[in-house]
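Asks: Numbering (the numbering used here), first residue to last: 3 to 243.
Quick one: structure below, then a few questions.
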């Protein structure tokens, strides 16, 4: 979600709690103006409305069996044939197929609604993670008191290449988008300062799965006194849900 500054510049909106609402790319960007819809979008057939008559055909032995669905009827998108055409079935279980132009259906509206619902859910999860961190100042303040012991030990990588401190945080539910199975790379710990506080940070590379394909994502765990205090996206600095 973005706000117009009046100068043609778009910037993220910040809500009353200080949460910066993330900006998601449009489906036009992700699908190259609908010319490349990822196969994962059809992992389950998508119910669509037809804007023109469609004749389905099924080959059984040496026989061809046909059936028609009139404009205004329902079909199920099962794959993209080329930049402008999709393959459809009369129902999710049928082997019969027909081809129709994407613009002769409401597939764009269907996928857009699913994408926006997914983004809305992701914002909810990110906001919850943000509020968990915002509402825990007492813990951070206690750790930062003069004389309070500061664990300056560098987090140790296990023999399998993981970090126990990160796995403990994931197991505790501090973050849900990152899972041990989705992580493909664990970086070396680095010392960084954020908001006047010095942390050990570890960047993990992981895969996020969406209906529009798999995306490589980077999260940075901020470790203080031997515990992960924050999970932030490496590039944007937003809270990882």
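Every residue gets a Cβ at the ideal spot worked out from N, C-alpha and C, and that includes glycine.
Keep in mind it's a predicted model, so treat the numbers as computed, not measured.
What's the gap between the Cα of residue 231 and the Cα of residue 123?
Replies: Within the chain shown, the letter at position 229 stands for residue 231. Within the chain shown, the letter at position 121 stands for residue 123. Answer to the nearest angstrom: the Cα atoms are 23 Å apart.
Asks: Look at residue 240 and residue 27 and say whether their C-beta atoms are less than 8 Å apart.
Replies: For the purposes of this step, residue 240 is taken as residue 238 along the chain shown, with counting starting at 1. For the purposes of this step, residue 27 is taken as residue 25 along the chain shown, with counting starting at 1. Not closer than 8 Å, so no.
Asks: Which residues in the same chain as residue 191 place their Cβ atom closer than 6 Å to its Cβ, once the five residues preceding and following it in sequence are excluded?
Replies: Within the chain shown, residue 191 is the residue found at index 189, counting from 1. Counting only Cβ-Cβ distances below 6 Å, and skipping sequence neighbours, we find 156, 157, 202, 204.
Asks: Could you tell me whether the stretch 211-220 touches the stretch 98-109, where touching means 3 or more Cβ pairs closer than 8 Å?
Replies: Too few Cβ pairs lie closer than 8 Å, so no.
Asks: Return the chain-ordered list of same chain residues with a C-beta closer than 7 Å to the C-beta of residue 166, the five sequence neighbours on each side being excluded.
Replies: Translated into positions along the chain shown, residue 166 becomes position 164. Taken in chain order, the residues that qualify are 160.
Asks: Report the rounded CA-to-CA distance for residue 57 versus residue 210, giving the unit in angstroms.
Replies: Position 55 of the chain shown, counting from 1, holds the residue named residue 57. Position 208 of the chain shown, counting from 1, holds the residue named residue 210. Each residue's Cα considered, the two are about 38 Å apart.
Asks: Mind checking whether residue 49 and residue 76 have CB atoms under 8 Å apart?
Replies: Translated into the one-based positions of the chain shown, residue 49 becomes position 47. Translated into the one-based positions of the chain shown, residue 76 becomes position 74. Result yes, Cβ atoms of residue 49 and residue 76 sit closer than 8 Å.
Asks: Residue 82 to residue 102, Cα distance in whole Å?
Replies: If you number the chain shown from 1, residue 82 lands on position 80. If you number the chain shown from 1, residue 102 lands on position 100. Rounded to the nearest angstrom, the two C-alpha atoms are 10 Å apart.
Asks: Leaving aside the five residues before and after residue 184 along the sequence, list all residues of the same chain whose C-beta is less than 6 Å from its C-beta, in chain order.
Replies: The sequence position of residue 184 within the chain shown is 182, counting from 1. Closer than 6 Å at the Cβ level, and outside the excluded window around residue 184, lie 208, 209.
Asks: Just the C-alpha distance for residue 235 and residue 112, rounded to the nearest angstrom, thanks.
Replies: Residue mapping note: residue 235 aligns to position 233 of the chain shown, counting from 1. Residue mapping note: residue 112 aligns to position 110 of the chain shown, counting from 1. Approximately 29 Å, taken between the alpha carbons.
Asks: Exposed or buried, which one is residue 171 when buried takes at least 16 other CB atoms within 10 Å?
Replies: Counting from 1 along the chain shown, the entry for residue 171 is found at position 169. When all chains shown are included, residue 171 counts as buried.
Asks: Which residues does DSSP list as the beta-bridge partners of residue 211?
Replies: The sequence position of residue 211 within the chain shown is 209, counting from 1. DSSP output for residue 211 lists 216 as bridge partner(s).
Asks: Verify the contact flag: residue 118, CB atom, against every heavy atom of the ligand GDP, threshold strictly below 7 Å.
Replies: Within the structure as shown, the ligand GDP is missing, as the structure has no ligands at all.
Asks: Return the bridge partner residues of residue 60 from the DSSP annotation.
Replies: Counting from 1 along the chain shown, the entry for residue 60 is found at position 58. Answer is 67, bridged to residue 60.
Asks: CB-CB under 7 Å to residue 44, same chain, minus the five flanking residues each way: which ones, in chain order?
Replies: Taking the chain shown and counting its residues from 1, one reaches residue 44 at position 42. 79, 80, 81, listed in sequence order.
Asks: For the alpha helix (DSSP H) that contains residue 114, what are its first and last residues?
Replies: Counting from 1 along the chain shown, the entry for residue 114 is found at position 112. Run containing residue 114: 109-136, per the alpha helix (DSSP H) assignment.
Asks: Taking the continuous alpha helix (DSSP H) assigned at residue 196, which residues delimit it?
Replies: On the chain shown, residue 196 is found 194 positions in, with the first residue counted as 1. Premise fails: residue 196 lies in the beta strand (DSSP E), 192-196, not in any alpha helix (DSSP H).
Asks: Under 8 Å between the Cβ atoms of residue 55 and residue 72?
Replies: On the chain shown, position 53 is the one that residue 55 refers to. On the chain shown, position 70 is the one that residue 72 refers to. In contact: residue 55 and residue 72 (Cβ atoms closer than 8 Å).
Asks: Name the residue from 132, 173, 100 whose alpha carbon lies nearest to the alpha carbon of residue 68.
Replies: Residue mapping note: residue 68 aligns to position 66 of the chain shown, counting from 1. Checked all of 132, 173, 100; the closest Cα to residue 68 is 100.
Asks: Which stretch, first to last residue, makes up the beta strand (DSSP E) that contains residue 81?
Replies: Residue 81 sits at position 79 when you count from the first residue of the chain shown. Per DSSP, residue 81 belongs to the beta strand (DSSP E) from 76-84.
Asks: Near residue 206, what residues of its chain come up, given a Cβ to Cβ distance below 6 Å and the 5 sequence neighbours on each side ignored?
Replies: As a position in the chain shown, residue 206 is number 204, starting the count at 1. Contacts found: 185, 188, 221.
Asks: Check the C-beta distance from residue 120 over to residue 212 and give it rounded, since I have them as a contact under 8 Å.
Replies: Working through the chain shown from its first residue, we reach residue 120 at position 118. Working through the chain shown from its first residue, we reach residue 212 at position 210. Yes, residue 120 and residue 212 are in contact; Cβ-Cβ is about 7 Å, under 8 Å.
Asks: Check whether the Cβ atoms of residue 242 and residue 180 sit closer than 8 Å, and answer yes or no.
Replies: For this step, residue 242 is matched to residue 240 along the chain shown. For this step, residue 180 is matched to residue 178 along the chain shown. Against a cut-off of 8 Å, the Cβ pair of residue 180 and residue 242 comes out as a contact.
Asks: Within 10 angstroms of the Cβ of residue 225, are there 16 or more other Cβ atoms? Answer buried if so, exposed if not.
Replies: In the chain shown, residue 225 corresponds to position 223, counting from 1. Counting Cβ neighbours within 10 Å, residue 225 comes out buried, since at least 16 surround it.
Asks: The beta strand (DSSP E) with residue 230 in it runs from where to where?
Replies: Here residue 230 refers to the residue found at position 228 of the chain shown. 229-235 is the span of the beta strand (DSSP E), which, as asked, contains residue 230.
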